[in-house]
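With the first letter of the sequence shown counted as 1, position 109 gets the number 110 in the numbering used here; the numbers rise by one all the way through.
Backbone N, C-alpha and C define an ideal beta-carbon position, used for all residues, glycine too.
Everything numeric in this text was worked out from a predicted model, so none of it was measured.
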Amino acid sequence: MSLSADLWRGSADLAAASLDSPFVRGVADGTLPRERFAGYVAQDAFFLEAFARAYALGVAHSRDRAALDAFAGLLAGVRDELRLHDGYAARWGIDLAAVEPAPATTAYTDFLLATAALGELGEVCAAMTPCMRLYASLGQALVPVAVGAYREWVDTYADPGFEELARTLEALLDRLAADTPAVRRAYRRAMELELAFFDSAFAGGPAPAGGTVAGQ
2 MSLSADLWRG
12 SADLAAASLD
22 SPFVRGVADG
32 TLPRERFAGY
42 VAQDAFFLEA
52 FARAYALGVA
62 HSRDRAALDA
72 FAGLLAGVRD
82 ELRLHDGYAA
92 RWGIDLAAVE
102 PAPATTAYTD
112 FLLATAALGE
122 LGEVCAAMTP
132 CMRLYASLGQ
142 ALVPVAVGAY
152 REWVDTYADP
162 GFEELARTLE
172 ALLDRLAADT
182 PAVRRAYRRA
192 MELELAFFDS
202 AFAGGPAPAG
212 GTVAGQ
């Protein structure tokens, strides 16, 4: 079994908890209050900008052309994801430039950027892979049952192109990372932070600026 597959299997409990979280359930059946989803979009856009910077650090620290090209391709994927959030923001009047990050968002972005700046490339991959693999897994699990206003979100992460990006990052993890306690800690910590991010989105964090989503 590859290292990436073993790490994913080792965090199956957190993956299941994310799938069963009130936020994800509400996205799947369309019952999540629209203001909660708008808050999530604002927080996730802030997070994705940090994720893009972490990929950029991966590009800068790459020691061969294959890793450089892979990180650059993954960075382009995040830019596509941010365009989805820009679409939500435009429809709902959210000013993404004025987002105040929630504590769960800051905890995750601080962890990612510190790891990307100071860790070995294998640890960087271990810190970043859970986001990609979890979202691909959630999209694929939800696409047969998702209904309502958030189907676009589900379809984005169920798309084969997103699965390919997740596999690209997993391949980098398998090539660049050793099976060390630091790598395992980074992967597990990222999975914990993903679940905390969903829980924070459901609870409601700082309100998105620039407008209201009531009645949209």
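For residue i, three-class secondary structure by DSSP
i, result
"Val60", "helix"
"Pro23", "helix"
"Pro209", "With a pLDDT of only 48 at Pro209, under the threshold of 50, the placement of this residue in the model should not be trusted; the figure read from the coordinates follows. Coil."
"Ser5", "helix"
"Asp81", "helix"
"Asp30", "helix"
From the options, residue whose alpha carbon lies closest to that of residue i
i, options, result
"Ala55", "Ala137, Ala150 and Asp111", "Asp111"
"Phe52", "Ser19, Ala172 and Ala191", "Ala191"
"Arg66", "Ala204, Leu173 and Val184", "Leu173"
"Leu75", "Ala183, Ala187 and Leu166", "Leu166"
"Phe163", "Ala197, Ala99, Met133 and Leu143", "Met133"
Near the ligand PLP: residue i beta-carbon under 6 Å from a heavy atom
i, result
"Glu124", "The ligand PLP is not among the ligands present in this structure, which contains no ligands whatsoever."
Beta-carbon proximity of residue i to residue j, cut-off 7 Å
i, j, result
"Asp180", "Leu4", "yes"
"Phe199", "Ser19", "yes"
"Gly78", "Val125", "no"
"Ala142", "Val155", "no"
Integer Cβ distance of residue i from residue j, believed to fall under 8 Å
i, j, result
"Arg37", "Gly205", "6 Å"
"Thr130", "Glu171", "6 Å"
"Tyr41", "Ala183", "Between Ala183 and Tyr41 the Cβ distance is about 30 Å, and since that is not below 8 Å, they are no contact."
"Tyr158", "Tyr188", "With a Cβ gap of about 19 Å, Tyr158 and Tyr188 do not count as contacting."
Quick check on the DSSP output: what are the complete alpha helix (DSSP H) runs of length 4 or more inside the region 93-131, in order along the chain? 104-119
Where in the region 122-200 do unbroken runs of the beta strand (DSSP E), each at least 3 residues long, occur, reported from the N-terminal end onward? none
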